[in-house]
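S.K.:
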Amino acid sequence: MSVFATASLPRLRAGMALILLIAVPLTVMAQELPSPTGYVNDFVGVISAEDTTQIEAVIQAVQSATGAEIAVVTVPSYEPYGSIEQFGVALAEKWGVGAEADDSGAILILAMQERQVRIEVGYGLEGILPDGRVGAILDEMVLPSFREGDWGAGMLGGVQGLAGYIAEEYDVDLAAQGARTPQAGGASSGASPFGSAAELLWVLMVFSVVGGRFLWPLLFIGAGRRGYYGGGFGAATRGRGSTGFGSGPSFGGFGGGGFGGGGASRGF
Amino acid sequence: MAKKATTVLIAGAVIVLMLIGGIAWYVGQRNSLIALDESVNGAWSEVDNQLQRRSDLIPNLVSTVQGFASQEQQVFSDIADARARLAGAQTVSETAEGYERMESALSRLLVVVEAYPELRSNQNFLRLQDELAGTENRVAVARQRYNSSVQTYNARIRMFPASLLAGSLGMTAREYFEVDESVRTVPEVNFD
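For the protein sequence lines, the chains are A and B, in the order given.
Going by the working numbering, the first sequence opens with residue 1, and the numbers climb by one from there.
Going by the working numbering, the second sequence opens with residue 1, and the numbers climb by one from there.
Spelled out as structure tokens, the structure:
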């Protein structure tokens, strides 16, 4: 509560303040969430400096080419949230990963104690990264390394997979920066007996994503959605400089993208 | 009698100011109540949207499972029933009831699936399962946001002074989307 009350209140009308006060107890307290230190937030300390550099390079390349942002997070546990999904969406909204205009953000979250990993996908990337594809990225590019205890390599694989699809969609070539897509892929090949069903599925997914994009703004008419969610974070960092942030003195926060619970999770 | 004229003038000015203030207050309150009402509607359409998205996934899921486990008729008909009930739901509580039925039918489907190793390793089924899990999560997020917007709205229209206006605008307390969480837990099964 204290985090976004201090950060956002100046920007809010009194009515919105009321909404915050009442809404917060229902949405699990936000003060349990860490603040971001950069694109790679290794709160557990399991990603080597070398892997961090490589991961950051891929994320930087994606960010400058497309505006989409990817964050990597390791936490000891997702407590006190009930599941990695609940933790993921709360963290994603608080950090506001992704460009605000098109909600193009994704977060890779590793909860060590529960041995679970999740990729949280922002609204704007749900069309390119439907849950099935994200699951395939986890299965083929993240979990093999995780099972060997190589957290850095797994995270790098996940970021490369996300970058691969994002680059494909925005029609930029980031292969040299390490962007790639999984071998089997999320999209089904024609050889599959359920090829047409899967294609229909993609169409449906796109429609529902489009539907969501149009309906969603209604939710916060007159209330200033960005003040509540993503934007609150951006304002905090801009307003107070980088005080309180550990290793990223130049890190100015994420763009303010919104999330609605898309993505996939795996235990390992 | 210049003094009396001044007094009348001041009294008149005060009355005019109070009137303007009163109108401004009324318009402000009214608009913010309407905005809150719309935010509840918006949150509800997101819930509806995500429930629809899940319903759209189900034919694919069912046909994939049927390819491997066609004899499990009971589960398929439960799912069809729940889907029809959801589609016909008119109120929040009817939707919540359809949602619970669907949750429990899908839980049973996933238990059934455990008995078919071929199906569990089928790529398409894995992707569909991811889509389903993702959509469940989106419904949960949308539901939580809807409930918190209802909470804000209900508190606001019952509190003075907005309560004075809410009645004349025809605003009454909105229904929460309440679900019995126990339907989500998949029962333990043992195939040994």
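Ideal Cβ positions, reconstructed from N, Cα and C, are used throughout, including at glycine.
Is any beta-carbon of chain A found at less than 8 Å from that of Arg138/B?
M.R.: Yes - at least one Cβ of chain A is within 8 Å of the one on Arg138/B.
S.K.: Could you tell me the distance, in whole angstroms, from the CA atom of Gly98/A to the CA atom of Leu106/B?
M.R.: About 33 Å.
S.K.: Taking the Cβ atom as the reference point for each residue, do Arg133/A and Gly267/A lie within a distance shorter than 8 Å?
M.R.: Result no, Cβ atoms of Arg133/A and Gly267/A do not sit closer than 8 Å.
S.K.: Decide if the stretch 255-267 of chain A is in contact with the stretch 127-137 of chain B; the criterion is three or more beta carbon pairs, one per stretch, under 8 Å apart.
M.R.: Result yes; three or more Cβ-Cβ pairs closer than 8 Å.
S.K.: Tell me, which residues are paired with Glu69/A by DSSP?
M.R.: For Glu69/A, which the question treats as bridged, DSSP gives the partners Gly105/A.
S.K.: So is Pro130/A buried or exposed if we call it buried at 16+ other beta carbons inside 10 Å?
M.R.: Burial call: buried.
S.K.: According to DSSP, which residues form a beta bridge with Ile119/A?
M.R.: According to DSSP, Ile119/A bridges with Leu108/A and Ala264/A.
S.K.: Assuming Met171/B contacts Asp37/B (C-beta within less than 8 Å), just tell me the rounded distance between them.
M.R.: Between Asp37/B and Met171/B the Cβ distance is about 6 Å, and since that is below 8 Å, they are a contact.
S.K.: Is the Cβ-Cβ distance between Glu126/A and Ile109/A less than 8 Å?
M.R.: In this structure, Ile109/A does not lie closer than 8 Å to Glu126/A by Cβ.
S.K.: As a quick exercise: from Asn31/B, Gly42/B, Arg54/B and Ala166/B, pick the residue whose alpha carbon is nearest that of Glu103/B.
M.R.: Looking at the Cα atoms, Arg54/B is the closest of the given residues.
S.K.: Can you tell me where the alpha helix (DSSP H) holding Asn122/B begins and where it ends?
M.R.: Neither: Asn122/B is in no alpha helix (DSSP H) and is coded neither H nor E.
S.K.: What whole-angstrom Cβ distance do Pro34/A and Ala71/A have, given they're in contact under 8 Å?
M.R.: Pro34/A to Ala71/A, Cβ: 11 Å. No contact.
S.K.: Which chain B residues are close to Glu85/A, counting only those with a beta carbon under 7 Å from its beta carbon?
M.R.: Result: Asn137.
S.K.: Can you give the beta carbon distance from Val159/A to Met112/A, rounded, assuming they're within the 8 Å contact cut?
M.R.: The Cβ separation is near 18 Å, so there is no contact.
S.K.: Which two residues bound the contiguous alpha helix (DSSP H) that contains Asp48/B?
M.R.: Asp48/B -> alpha helix (DSSP H) spans Ala2 to Gln66.
S.K.: Asp42/A by DSSP, collapsed to three states: which one?
M.R.: If DSSP states are grouped into helix, strand and coil, Asp42/A belongs with the strands.
S.K.: Which term fits Gly186/A, buried or exposed, when burial requires 16 or more other beta carbons within 10 angstroms of its beta carbon?
M.R.: Here the model assigns Gly186/A a pLDDT of 41, short of 50, so the residue's position is not dependable, and the following value carries that caveat. Counting Cβ neighbours within 10 Å, Gly186/A comes out buried, since at least 16 surround it.
S.K.: If you draw a straight line from the alpha carbon of Ala80/A to that of Ile15/B, how long is it in whole angstroms?
M.R.: Reading off the sequence shown, one finds Pro at residue 80/A, where the question assumed Ala. The straight-line gap from Cα to Cα measures roughly 56 Å.
S.K.: Leaving out five residues on either side along the sequence, give the residues of the same chain with a beta carbon under 7 Å from the beta carbon of Val149/B.
M.R.: Note that residue 149/B corresponds to Ser in the displayed sequence, not to Val. Ser39, Val40 and Ala43.
S.K.: Hey, out of Ala155/B, Ile34/B, Arg85/B and Trp25/B, whose CA is closest to Gln52/B's CA?
M.R.: Comparing Cα-Cα distances from Gln52/B to each of Ala155/B, Ile34/B, Arg85/B and Trp25/B, the minimum goes to Arg85/B.
S.K.: Assuming Pro144/A is part of the alpha helix (DSSP H), what are its boundary residues?
M.R.: Taken as a continuous stretch (DSSP letters only), the alpha helix (DSSP H) holding Pro144/A covers Leu143 to Arg147.
S.K.: Ignore the nearest five residues each way along the sequence and tell me which others in Lys4/B's own chain have a CB closer than 8 Å to its CB.
M.R.: None.
S.K.: Which first and last residues belong to the alpha helix (DSSP H) in which Glu93/A is found?
M.R.: Element bounds for Glu93/A: Ile84 to Trp95.
S.K.: Output needed in chain order: residues of the stretch 70-103 of chain B with a Cβ under 7 Å from some Cβ in chain A.
M.R.: Going along the stretch 70-103 of chain B in chain order, one finds no residue with a Cβ nearer than 7 Å to chain A.
S.K.: Output yes if chain A places a C-beta closer than 8 Å to the C-beta of Ala173/B; else output no.
M.R.: Cβ-Cβ to chain A under 8 Å: no for Ala173/B.
S.K.: One question on the structure: do Ala163/A and Val40/A come within less than 8 Å of each other, judged by their Cβ atoms?
M.R.: No, the pair does not count as a contact, with Cβ atoms beyond the cut-off.
S.K.: Counting along the chain, where does the alpha helix (DSSP H) carrying Met155/A start and finish?
M.R.: Element bounds for Met155/A: Trp151 to Tyr170.
S.K.: Mark Phe233/A as exposed unless 16 or more other C-beta atoms lie within 10 angstroms of its C-beta, in which case mark it buried.
M.R.: Residue confidence for Phe233/A is low, a pLDDT of 34 falling below 50, so the modelled location carries little weight; the figure read from the coordinates is stated next. Classification of Phe233/A: buried, given that the 10 Å Cβ count is 16 or more.
S.K.: Taking DSSP's pairing of strands, which residues face Thr74/A in a bridge?
M.R.: Answer is Asp42/A and Leu110/A, bridged to Thr74/A.
S.K.: Less than 8 Å between the beta carbons of Ile59/A and Trp151/A, yes or no?
M.R.: No.
S.K.: In angstroms with no decimal places, state the Cα-to-Cα distance between Thr74/A and Ser121/B.
M.R.: Going by the C-alpha atoms only, they are around 29 Å apart.
S.K.: Mapping DSSP to helix, strand and coil, what is Phe76/B?
M.R.: DSSP places Phe76/B in helix when its eight states are reduced to three.
S.K.: Less than 8 Å separating the beta-carbons of Leu119/B and Phe177/B?
M.R.: Not in contact: Leu119/B and Phe177/B (Cβ atoms no closer than 8 Å).
S.K.: Let me check one thing: in DSSP terms, what residues is Phe259/A bridge-paired to?
M.R.: In DSSP, Phe259/A forms a bridge with Gly122/A.
S.K.: Tell me, to the nearest whole angstrom, how far the beta carbon of Ile166/A is from that of Thr66/A; I am working on the premise that it is less than 8 Å.
M.R.: With 8 Å as the limit, Ile166/A and Thr66/A qualify as a contact, their Cβ atoms being about 6 Å apart.
S.K.: Taking the C-alpha atoms as reference points, what is the distance between Gly38/A and Gly252/A?
M.R.: For Gly38/A and Gly252/A, the distance between alpha carbons rounds to 8 Å.
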